[in-house]
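Protein chains in written order, with my numbering: chain A, 7 to 235; chain B, 7 to 235.
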């Protein structure tokens, strides 16, 4: 029997992400606004103290957001460990997101949106679109993560549960979840401070079947900027 | 600067788990009731179709529960992916828990308890006890996972978010979580069917500071049994 071996670093297909590195090693030009084209992802190498701002031009676009320690990528931002640290599944301004070794990685500094984000849902991937009856390749956040890291010379050590910025997943009293549209406004932004050296990866989620990117189900672009503190 | 490199397979200390393998390769004697001593963990190698029953003798003991595909351990049960599949953070009888590649791994067949379990909180680890101001070594579920796999000749490829059986983490309407005592009764049990070949790891959580193992904060033993279907 041939058995598919799961390799966290290996994309199931490809899109423009693989050719969209912001620089060969992912280091940013400070103060430059980088666009993340709809359905793609980008990685950026941040130094401790840097400020990372993520912009939501349309207001209805979800950003799958990951952070890996640089150069020790097997230590990465963990939603499950952050839930313990924050005693909440809804991070808010003032909170520190932690790694799978409980290291504080990012401080949540600013949020112009109503503060509705998701920390319980996995990044979409090709099997998810298979489950949604898509045939052929479909852009997906998991492959965008893999390609964004590959594009700067790195490999995904795992597919961590992402911090899904602006993703609106109401959880009811019995634990049930819904796929709801973002409640952000056009040009809302969030700002984080890197507390250690990090590689941050962002994917403009290409989900165009459920309404998580708005009731129009049209994925749109995001943007980000890194500033020295 | 010396920098600690995070290695998911490397325990931060040791306890009896390392000497408690049920057999050299983790294969069970079908129908045998294995005890998981308080504060320790054990791994068992299951074949597709096997039934795994976990018993809660005290009724107030949490079981951190993981599943890894055998022999492809980098594919493992994922709470984040299961949330998507189940549209819920509270798995219940009839549900199928899935892997980080969306493969159904386990079917939840039976639950004699009130059905309150946790899927959002990370396994405890030595850094968690440091955060709780414990000095020196403290038994922890993450090390139990690492040692239980090591004891049967395997290595943890990551520290997945566990399915925390009987752990009672109420989530309020704003996403806030609480550390509550289990609501199970003595001798409650849950039963799963392995849908593929798996290594299942269970840890009798040694948390003795928060009340998640009961208001008496005294960790107790668990037991399990594997039966051919």
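Ideal Cβ positions, reconstructed from N, Cα and C, are used throughout, including at glycine.
Near-chain B residues of the segment 88 to 113 of chain A (beta-carbon distance less than 7 Å), N- to C-terminal order:
Within the segment 88 to 113 of chain A, those residues whose Cβ lies closer than 7 Å to any Cβ of chain B are, in chain order, 89, 90, 93, 94, 95, 96, 106, 107 and 108.
Measuring straight from C-alpha to C-alpha, what distance separates residue 105 of chain B and residue 201 of chain B?
Between residue 105 of chain B and residue 201 of chain B, the C-alpha separation is close to 11 Å.
On the DSSP bridge list, what partners appear for residue 204 of chain A?
DSSP, once it has assigned bridges, lists A/52 and A/75 as partnering residue 204 of chain A.
By the 10 Å Cβ neighbour count, where 16 or more other Cβ atoms means buried, how is residue 81 of chain A classified, buried or exposed?
Around the beta carbon of residue 81 of chain A, 16 or more other beta carbons lie within 10 angstroms, which makes this residue buried.
Would a check of beta-carbon distances place residue 134 of chain B closer than 8 Å to chain A?
At a cut-off of 8 Å, the C-beta of residue 134 of chain B has a neighbouring C-beta in chain A.
Could you check what DSSP says for residue 86 of chain A in three-state terms: helix, strand or coil?
In this structure, residue 86 of chain A counts as helix in the three-state DSSP scheme.
For the beta strand (DSSP E) that contains residue 40 of chain A, what are its first and last residues?
Following the DSSP letters along the chain, one finds residue 40 of chain A inside the beta strand (DSSP E) bounded by residues 39 to 42.
Grab the span of the alpha helix (DSSP H) containing residue 147 of chain A for me, first residue to last.
If you look at residue 147 of chain A, you'll find it in the alpha helix (DSSP H) that goes 147 to 157.
Touch test, the segment 138 to 145 of chain B against the segment 177 to 194 of chain B, Cβ-Cβ under 8 Å, three pairs minimum
The segment 138 to 145 of chain B is not in contact with the segment 177 to 194 of chain B.
Under 8 Å between C-beta atoms, does residue 14 of chain A make it to chain C?
The question asks about chain C, but that chain is absent: this structure's protein chains are A and B.
Assuming residue 144 of chain A contacts residue 132 of chain A under a Cβ cut-off of 8 Å, what Cβ separation, rounded to an integer in Å, is found between them?
Their Cβ separation, rounded to whole angstroms, is 7 Å, which keeps residue 144 of chain A and residue 132 of chain A in contact under 8 Å.
What residue does the beta strand (DSSP E) around residue 137 of chain A start on, and which one ends it?
Element bounds for residue 137 of chain A: not the beta strand (DSSP E) but the alpha helix (DSSP H), 132 to 137.
Can you give me the C-alpha to C-alpha distance between residue 148 of chain B and residue 192 of chain A, rounded to a whole angstrom?
If you take the alpha carbons of residue 148 of chain B and residue 192 of chain A, they lie about 42 Å apart.
Who are the neighbours of residue 128 of chain B on chain A, taking C-beta pairs under 8 Å?
What residue 128 of chain B touches in chain A: 84, 86, 87, 89, 90 and 106.
Please check the pair residue 208 of chain A and residue 69 of chain A, which I expect to be a contact at CB under 8 Å, by giving their CB distance rounded to whole angstroms.
Your pair residue 208 of chain A and residue 69 of chain A checks out as a contact, with CB atoms roughly 5 Å apart and the cut at 8 Å.
Ranges of the beta strand (DSSP E) found wholly within the segment 86 to 122 of chain B, counting only runs of at least 3
Positions of the beta strand (DSSP E) runs, each at least 3 residues long and wholly inside the segment 86 to 122 of chain B, are given as 102 to 104 and 110 to 117 in order along the chain.
Helix, strand or coil, according to DSSP, for residue 229 of chain A in the structure here?
Correct three-state label for residue 229 of chain A: strand.
With 8 Å set as the bound, which would you pick, yes or no: does the beta-carbon of residue 177 of chain A sit closer than that to a beta-carbon of chain B?
Any Cβ of chain B closer than 8 Å to the Cβ of residue 177 of chain A would place that residue at the interface, and such an atom is present.
With DSSP as the reference, identify every bridge partner of residue 186 of chain A, one or two as the case may be.
DSSP lists A/174 as partners of residue 186 of chain A.
Within 8 Å (strictly less), CB to CB, does residue 149 of chain B reach chain A?
No, because no Cβ of chain A sits closer than 8 Å to the Cβ of residue 149 of chain B.
Residue 21 of chain A: buried (16+ other C-beta within 10 angstroms of its C-beta) or exposed?
By the 10 Å Cβ count, residue 21 of chain A comes out buried.
At a CB-CB cut-off below 9 Å, which residues of chain A make contact with residue 137 of chain B?
Within chain A, the residues near residue 137 of chain B are 90, 91 and 108.
Rounded straight-line distance, which links the Cα of residue 99 of chain B to that of residue 196 of chain B:
Roughly 9 Å between the two C-alpha positions.
Give the interface partners of residue 182 of chain A over in chain B, defined as CB-CB distance under 7 Å, in chain order.
Those within 7 Å of residue 182 of chain A in chain B are 93 and 94.
Are the segment 49 to 68 of chain B and the segment 202 to 222 of chain B in contact at 8 Å, needing three or more beta carbon pairs?
Contact between the segment 49 to 68 of chain B and the segment 202 to 222 of chain B is present, because at least three Cβ pairs lie under 8 Å.
Cβ neighbours of residue 64 of chain B in the same chain (closer than 7 Å, five flanking residues each side left out)
192 and 226, listed in sequence order.
Which term fits residue 120 of chain B, buried or exposed, when burial requires 16 or more other beta carbons within 10 angstroms of its beta carbon?
The residue in question, residue 120 of chain B, is exposed, as its Cβ has fewer than 16 Cβ neighbours within 10 Å.
Measure the Cβ-Cβ separation of residue 157 of chain A and residue 15 of chain A and say whether it is below 8 Å.
No, the pair does not count as a contact, with Cβ atoms beyond the cut-off.
Using a Cβ cut-off of 9 Å, which residues of the segment 10 to 36 of chain A contact any Cβ in chain B, in chain order?
So the list reads 10, 11, 12, 13 and 14, given in the order they occur along the chain.
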